[in-house]
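I have placed the structure first, in the form of structure tokens, so that the comments after it can refer back to it.
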Amino acid sequence: MAVAGPRGWIWGVLCLVMAGVWAKETVLLRETFEDYSLNQWTRSGATKPGASADIAQYAGRWALSNGSLVMKGANQHYGLAKALDSPFSFKNGLPLVVQYEVRFRQVMVCGGAYIKLLESTADLTQLNDKAPFTIMFGPDKCGDDAKLHFIFRYPHPRTGVMREVHARRIENVEKLIYTDKKTHLVTLVLKPSGEFALRIDRKQVLQGDMASSEDCDPPLLPPAEIPDPSDQKPADWVDEEFIDDPTDQKPADWDEEAPQYIPDPTAQKPELWDENEPSMIPDPASERPMDWDDEEDGVWESPRIPNPKCEMHGCGPWTAPSVANPQFRGVWQPRRLPNPDYFEDAAPFDKLRDIGAVAFELWTITPDVHFDNLIVTTDEAEADQMARELWLPKHTNESSGEWHFGPFEPIVELLLEWIDEANANPLLYILYTAGLSLVAALLILVCSPSNDATPSSATGQKQENNARAHARDEQDDGPTSPASEPTANVRRRHTRASAE
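So, in structure tokens, the structure goes:
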């Protein structure tokens, strides 16, 4: 029922405000890199422990190109982090959704493209591989080993010791992400129940449970029992299940020398059998092997049947039949004890450490890895809406080839990169304009046709024409015949016209 009057307007405004606040709070981080600025991101000033001095620094060159974050250099460590708009606590009973785009512009040889959700206590300025994270998610490839990671760090409920738990491997990850040089969307959905789902391009590729031993390797929960380390195998323990029957005797007529098979005495050679014809002929499409013998396998042999002596008395080396070993006790195993570290946790989700930031802490051999449209939210619909608005049109255009420029694509990418750098630093537009003007002036100067009719040369030409005209006038002043006078007059008029 509609609410009329001023009170209804007040309630309507309050509902709109609360809806806006709720929508805002569901998104913990949204980054599209459209402002061409990393001012809100923190670059790592740390070094990687144990790495050689020339690559230990997190000095990888980040670039903003065509609205994407790009790892530009090869063989470098990269460290970049950004705080969430508000920390996320796993005790609030809300799901966690992490989603972003990644594109490998070159064939990935070795490198990571995952993100880490750091604990709220992490120092972003000292980001390295030892920085405490709660979740690590995304692609990672080196050689033939291609993965889509989902790793969560779980504190032991008794000891507090952190351990990493990995979701099981996904098949065909390389084909799904790494081979086509297109933009792919990776999504992680983690629910308070402990259920999780991994998606590539909005299609689910893995579903599991954090507490399931089948979905995580190694499993989150330890075994209820463990072998007793103090238990020892008895000295008289017998591992063999069967032994030779000591009561059995070899029959007196047992012939160990008789063959198991003999030629069938009843077999007859077929009338049309040709012993000179080889049993196999060379394949016309193949080359003859060097060791081929035309007579090999060509001589007919009678079929073989079982030796009747073996059926009556047995033949071949005699062995006694086996009987059950009365001393058999099976393969020895130590007795089992209750596992002192065993625990049960039906809801591991709310044990995870709070998240305060998202980070790229990466090493790559292959450059030009693009990231875009990152979102961390508690609303799965919010992430899917962002995917439909930003990733889906891009994916459609790339799949249709609309954005491909053939052999000119590297040039187009370079121009786009220059434009992106200028958007980030407008002073570059002045330098670009000056450079292009200089190049244009040089091209005009070099390519314009030469013209000898300069003002000085034109003046000289005019003086030369006047001198020639004056010489002809002096010749025309001499005696002429009546017939030639008109011609002279015509020439004189023509010459004066030319001189003028």
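Positions -23 to -1, 1 to 477 (mature numbering (1 follows the signal peptide of the UniProt record, and there is no 0)) are the ones given, in order, by the sequence shown.
Using N, Cα and C, we set each Cβ at its ideal position, and we do this for glycine too.
| query | result |
| --- | --- |
| 7 Å Cβ shell around residue 65 - same chain, five flanking residues per side excluded | 5, 73, 331 and 332 |
| Inter-residue spacing [alpha-carbon to alpha-carbon] between residue 83 and residue 49 | 11 Å |
| Residues of its chain near residue 47, where Cβ-Cβ distance is below 6 Å and the 5 sequence neighbours each way are ignored | 40 and 347 |
| Boundaries of the beta strand (DSSP E) in which residue 143 is found, first to last residue | 139 to 143 |
| Contact under 8 Å by Cβ, residue 336 with residue 95 | yes |
| Buried or exposed by the 16-neighbour rule on C-beta atoms within 10 Å, applied to residue 362 | exposed |
| Where residue 226 falls, given that 16 or more other Cβ within 10 Å makes a residue buried | exposed |
| Residue 93 burial status per 10 Å Cβ neighbour count (16 or more: buried) | buried |
| CB of residue 67 within 8 Å of CB of residue 320, strictly | no |
| Rounded distance between the beta-carbons of residue 136 and residue 22, thought under 8 Å | Actually they do not touch by this definition, with Cβ atoms about 33 Å apart. |
| Residue from 16, 12 and 34 with nearest C-alpha to residue 43 | 12 |
| 6 Å CB neighbourhood of residue 34 in its chain, flanking five on each side removed | 24 |
| Sequence-distant residues of its chain with Cβ nearer than 6 Å to residue 164 (five each side left out) | 76 and 176 |
| Beta strand (DSSP E) segments (min. 3 residues) lying fully within the stretch 99 to 163 | 110 to 119, 122 to 132 and 139 to 143 |
| Sequence-distant residues of its chain with Cβ nearer than 6 Å to residue 8 (five each side left out) | 351 |
| Start and end residues, alpha helix (DSSP H) containing residue 369 | 369 to 377 |
| Pair within 8 Å by beta-carbon distance, residue 173 and residue 127 | yes |
| Chain C contact for residue 340 (CB, 8 Å cutoff) | Given the protein chain composition of this structure (a single chain), no chain C is represented. |
| Bridge partner(s) assigned by DSSP for residue 96 | 332 |
| DSSP-derived helix/strand/coil call for residue 232 | strand |
| Beta-carbon contacts of residue 3 that lie in its chain and below 7 Å, excluding the five residues immediately before and after | 354, 355, 356 and 359 |
| Counterpart residues of residue 180 in DSSP-defined beta bridges | 177 |
| Outcome for residue 424 when other beta-carbon atoms lying within 10 angstroms are tallied against a minimum of 16 | exposed |
| Within 8 Å, strictly: CB atoms of residue 372 and residue 178 | yes |
| Counted within 10 angstroms of its Cβ, other Cβ atoms place residue 129 as buried (16 or more) or exposed | buried |
| Contacting residues, own chain, Cβ-Cβ under 7 Å from residue 123 (five flanking each side not counted) | 150, 151 and 155 |
| Member of 203, 134 and 307 whose CA lies at the smallest distance from the CA of residue 328 | 134 |
| Nearest-angstrom Cβ-Cβ length linking residue 104 and residue 56, presumed shorter than 8 Å | 4 Å |
| Top-ranked residue by Cα proximity to residue 111, from 316, 365 and 334 | 334 |
| Within 8 Å, strictly: CB atoms of residue 192 and residue 144 | yes |
| Residue range of the alpha helix (DSSP H) that includes residue 363 | 357 to 363 |
| Which of helix, strand or coil DSSP assigns to residue 19 | strand |
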